[in-house]
Amino acid sequence: MNYEKLLSKAAVEMRPSGIRKFFDLVQDMPECISLGVGEPDFQTPWDIRDAAIHSLEIGRTKYTANAGLKELRASIADYLRRKYALYYEPEEVIVTVGGSEAIDLTIRALIEEGDEVIIPQPSFVAYEPIASLTGGKSVIVPCLEENEFRVTAKQLEEAITERTKLIVLPFPNNPTGAVLRHEDLQEIAGLLKDKDIIVMTDEIYSELVYGDHKHESLATFEGMRDKTIVVNGFSKTFSMTGWRLGYAAGPKELIRIMVKIHQNCIMSAPTTSQFAAMTALKECDPDVEMMRQQYDLRRKYCVRKLNEMGLTTFEPKGAFYVFPNITCCGMGSDEFCEKLLAEKEVAIIPGTAFGKSGEGFARISYAYSLDHLREAMKRIGEFVEEYKR
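Have a look at this one:
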């Protein structure tokens with residue numbers, strides 16, 4: 044078989060995940076400390092697990108409606124209204140297999156050959172490959188350390204062309220921990236409110252923000268509700284990564300098309316996870332706040348230790364990552380992370396896994412215990428001392 048002729052060119056040319064590469068490497072290193080995967084170390088709260096067990100005990104094991112349980116979609120709408128002043132009806136919500144599927148559905152519902160997708164980077168690894176699979180062209184906007192890794196309305200304006208159909212707004216940001224301020228969002232809304240461009244706001248870390256900042260969604264700003272798809276999920280906020288449950292909320296005209304793609308590719312999200320998620324939304328605010336406070340302690344510890352050892356580190360305002368500048372060691376991001384893994388058995392992710400503008404940086408997840416982080420910081424400090432110019 045001549046697979047070169049048979050395989051999709053876009054699929055062949057897709058860059059493999061730089062995160063999973065390091066995840067796979069550490070599987071054969073039992074003494075390795077991994078700070079690479081964005082997965083909470085907390086157990087899913089008991090009330091959520093108990094709700095899942097109960098749903099199985101009473102035999103709730105059938106398919107749900109394609110868009111998800113109506114009761115869950117109503118609960119999501121209530122949650123968004125309560126938390127972020129976002130007003131949606133259940134038919135304007137789709138329940139997906141993780142936030143990742145919500146991203147995939149949004150891009151596939153909108154993008155055709157030659158359409159342009161504006162993507163601020165560094166950012167989550169999936170946006171660009173999915174856009175490529177649909178025939179879209181990714182237009183990359185670099186977010187810079189000197190601007191706290193925030194994207195500006197001016198940058199977006201300069202990137203917009205007549206082919207622009209979608210803008211990705213990934214804040215709070217993975218990998219940098221950057222958030223957008225009220226005035227940032229106001230300027231972006233002012234730029235876009237009269238343009239026929241859809242914005243996909245990836246708000247998966249919306250509950251994990253720190254200090255005086257409170258998360259706001261672009262969809263709440265004047266003129267933006269009907270041109271914004273809000274993507275969120277349960278993995279990060281409720282420590283439910285393995286439950287694979289997310290959602291998107293937006294104009295019913297767009298959600299209807301996303302449901303049509305979803306029903307042909309997936310059928311419905313996991314039933315047990317959906318019943319558990321209703322409990323998460325209604326009863327688990329105290330659990331979420333406990334986890335957020337613990338992440339905040341770890342955030343402050345990592346920023347302090349990294350700066351003390353000479354790796355200049357922007358103080359993240361959201362998510363659970365730090366993004367230190369590693370250029371003082373005279374290496375690029377990939378070389379730094381590969382040598383650190385080989386010599387000190389600590390796994391972190393090169394900034395380049397999140398786009399070219401991540402060169403010179405590395406992502407460290409602090410979704411791990413303080414004991415885990417202390418040993419990792421000790422080893423990283425030794426490594427930096429050996430190589431720092």
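Numbering-wise (the working numbering), the sequence shown opens with residue 44 and increments by one.
Built from N, CA and C at the ideal position, the CB exists for glycine as well.
Note that the coordinates shown come from a computational prediction; the quantities given were computed from them, not determined experimentally.
### Query
Is the stretch 208 to 216 touching the stretch 156 to 165 in the sense that three or more CB pairs, one from each, lie closer than 8 Å?
Yes: at least three Cβ pairs fall under 8 Å.
### Query
What is the rounded straight-line gap between the Cα of residue 323 and the Cα of residue 127?
By one-based count along the sequence shown, residue 323 stands at place 280. By one-based count along the sequence shown, residue 127 stands at place 84. Cα to Cα, the separation comes out at about 17 Å.
### Query
Smallest Cα separation from residue 154: which of 177, 142, 145 and 143?
Here residue 154 is taken as the residue at index 111 of the sequence shown, counted from 1. For residue 154, the nearest C-alpha among the options comes from 177.
### Task
Leaving out five residues on either side along the sequence, give the residues of the same chain with a beta carbon under 8 Å from the beta carbon of residue 136.
Here residue 136 corresponds to residue number 93 of the sequence shown, with the count starting at 1. Closer than 8 Å at Cβ, skipping near neighbours: 110, 111, 116, 119, 120, 290, 291, 292 and 298.
### Message
Short of 7 Å in beta carbon distance, which residues of its chain neighbour residue 419, apart from the five on each side in sequence? Order them along the chain.
### Response
As a working mapping, residue 419 is identified with position 376 in the sequence shown. Cβ contact annotation for residue 419 (same chain, cutoff 7 Å, sequence separation greater than five): 76, 78 and 389, in chain order.
### As assigned by DSSP and simplified to three states, the class of residue 208
Here residue 208 refers to the residue found at position 165 of the sequence shown. Reduced to three states, the DSSP call for residue 208 is strand.
### Query
Residues in its own chain within less than 6 Å of residue 387 by CB, not counting five upstream and five downstream?
Along the sequence shown, read from residue 1 onward, the residue named residue 387 stands at position 344. Cβ neighbours of residue 387 beyond the five flanking positions: 422 and 426.
### Query
Helix or strand or just coil, what does DSSP make of residue 364?
Taking the first residue of the sequence shown as 1, we reach residue 364 at position 321. When DSSP states are grouped into helix, strand and coil, residue 364 belongs to the strand group.
#### Entry: Among 429, 340 and 156, nearest to residue 365 - alpha-carbon criterion
As a first step, residue 365 must be located in the sequence shown, where it is residue number 322. The shortest C-alpha separation from residue 365 is found at 340.
### Query
If we call anything under 9 Å between Cβ atoms a contact, is residue 400 one with residue 185?
Here the question's residue 400 lines up with position 357 in the sequence shown. Here the question's residue 185 lines up with position 142 in the sequence shown. Their beta carbons are under 9 Å apart, which means residue 400 touches residue 185 by this criterion.
### Task
Report, in whole angstroms, the separation of the C-beta atoms of residue 138 and residue 288, which I expect to be a contact under 8 Å.
Locating residue 138 in the sequence shown gives position 95, where the first residue counts as 1. Locating residue 288 in the sequence shown gives position 245, where the first residue counts as 1. Sure, about 7 Å apart at Cβ, within 8 Å.
### Task
With a 10 Å radius around its C-beta and 16 neighbouring C-beta atoms as the bar for buried, classify residue 101 as buried or exposed.
On the sequence shown, residue 101 is found 58 positions in, with the first residue counted as 1. Exposed, since its Cβ has fewer than 16 Cβ neighbours within 10 Å.
### Task
Could you check the C-alpha separation between residue 141 and residue 277 for me, to the nearest Å?
Here residue 141 corresponds to residue number 98 of the sequence shown, with the count starting at 1. Here residue 277 corresponds to residue number 234 of the sequence shown, with the count starting at 1. Each residue's alpha carbon lies about 8 Å from the other.
### Task
Classify residue 359 as helix, strand or coil using the three-state DSSP reduction.
In the sequence shown, residue 359 corresponds to position 316, counting from 1. Residue 359 falls in the coil class under three-state DSSP.
### Message
Within a Cβ cutoff of 6 Å, which residues of the same chain sit near residue 256, ignoring the five residues on either side of it in sequence?
### Response
As a working note, residue 256 is residue 213 in the sequence shown. Same-chain partners within the cutoff: 222 and 360.
### Query
Would a C-beta distance cut-off of 9 Å place residue 158 and residue 180 closer than the cut-off?
Here residue 158 corresponds to residue number 115 of the sequence shown, with the count starting at 1. Here residue 180 corresponds to residue number 137 of the sequence shown, with the count starting at 1. Yes; because the gap between Cβ atoms is below 9 Å, this pair is in contact.
#### Entry: Euclidean distance between Cα positions of residue 84 and residue 45
The residue you call residue 84 lines up with position 41 of the sequence shown. The residue you call residue 45 lines up with position 2 of the sequence shown. C-alpha separation (whole angstroms): 45 Å.
### Beta-carbon proximity check, residue 444 vs residue 369, cutoff 9 Å
Missing from the structure shown is residue 444; the chain here goes from 44 to 432 and no further.
### Query
Mind pulling the alpha helix (DSSP H) runs of 4 or more residues that sit fully within the stretch 133 to 192?
Listed in chain order, the complete alpha helix (DSSP H) runs (minimum 4 residues) inside the stretch 133 to 192 are 141 to 153 and 170 to 176.
### Message
Once the 5 residues before and after residue 376 are set aside, which same chain residues still bring their CB inside 7 Å of it?
### Response
To locate residue 376, count along the sequence shown from 1; it is residue 333. Once the five neighbours on either side are set aside, the close Cβ partners of residue 376 are 369, 393, 394, 395, 401, 402, 403, 404 and 405.
### Query
Considering only the beta carbon of each residue, do residue 86 and residue 282 sit closer than 9 Å?
Residue 86 sits at position 43 when you count from the first residue of the sequence shown. Residue 282 sits at position 239 when you count from the first residue of the sequence shown. In this structure, residue 282 lies closer than 9 Å to residue 86 by Cβ.
### Task
Flag this pair as yes or no: are the beta carbons of residue 279 and residue 253 separated by less than 9 Å?
Residue numbering aside, residue 279 sits at position 236 when the sequence shown is read from its first letter. Residue numbering aside, residue 253 sits at position 210 when the sequence shown is read from its first letter. No, the Cβ-Cβ distance between residue 279 and residue 253 is not below 9 Å.
### Query
Candidates 430, 152, 82 and 428: which alpha carbon is nearest residue 301's?
Here the question's residue 301 lines up with position 258 in the sequence shown. Of 430, 152, 82 and 428, the residue nearest in Cα terms is 152.
### Task
Report all residues from its chain with a CB closer than 6 Å to the CB of residue 192; omit the five preceding and five following residues, and keep chain order.
Position 149 of the sequence shown, counted from the start, is the residue given in the question as residue 192. Excluding sequence neighbours, residue 192 sits near 186, 219 and 221.
#### Entry: Backbone secondary structure at residue 300 - three-state DSSP
Translated into the one-based positions of the sequence shown, residue 300 becomes position 257. Helix, per DSSP.
### Where residue 195 falls: helix, strand or coil (DSSP)
Counting from one through the sequence shown, the residue named residue 195 turns up at place 152. Residue 195 falls in the coil class under three-state DSSP.
### Query
Hey, how far is the Cα of residue 48 from the Cα of residue 313?
For the purposes of this step, residue 48 is identified with residue 5 of the sequence shown, where counting begins at 1. For the purposes of this step, residue 313 is identified with residue 270 of the sequence shown, where counting begins at 1. C-alpha of residue 48 to C-alpha of residue 313: approximately 36 Å in a straight line.
### Task
Would you mind giving the Cβ-Cβ distance between residue 244 and residue 271, rounded to the nearest angstrom? I have them listed as a contact below 8 Å.
For the purposes of this step, residue 244 is taken as the residue at position 201 of the sequence shown. For the purposes of this step, residue 271 is taken as the residue at position 228 of the sequence shown. Indeed they touch by this definition, with Cβ atoms about 6 Å apart.
### Query
DSSP on residue 224, reduced to helix/strand/coil?
Counted from its first residue, the sequence shown places residue 224 at position 181. If DSSP states are grouped into helix, strand and coil, residue 224 belongs with coil.
### Query
Applying the criterion that 16 or more other CB atoms from any shown protein chain within 10 Å of the CB defines a buried residue, is residue 308 buried or exposed?
The count along the sequence shown starts at 1 and reaches residue 308 at position 265. Answer is exposed; the Cβ neighbour count stays below 16.
### Task
Enumerate, from N- to C-terminal direction, the unbroken beta strand (DSSP E) stretches of 3 or more residues contained entirely within the stretch 224 to 251.
Those beta strand (DSSP E) runs which fall completely within the stretch 224 to 251 and span 3+ residues are 241 to 245.
### Query
Got a sec, what are the start and stop residues for the alpha helix (DSSP H) residue 46 sits in?
Within the sequence shown, the letter at position 3 stands for residue 46. It spans 46 to 49 - the alpha helix (DSSP H) in which residue 46 sits, taken as one unbroken run.
### Task
Quick one: grab the DSSP three-state call for residue 331.
Here the question's residue 331 lines up with position 288 in the sequence shown. In the structure shown, residue 331 sits in a helix (DSSP, three-state: H, G or I).
### Query
In this structure, what does DSSP give as the bridge partners for residue 289?
Taking the first residue of the sequence shown as 1, we reach residue 289 at position 246. BP columns for residue 289 point to 139 and 276.
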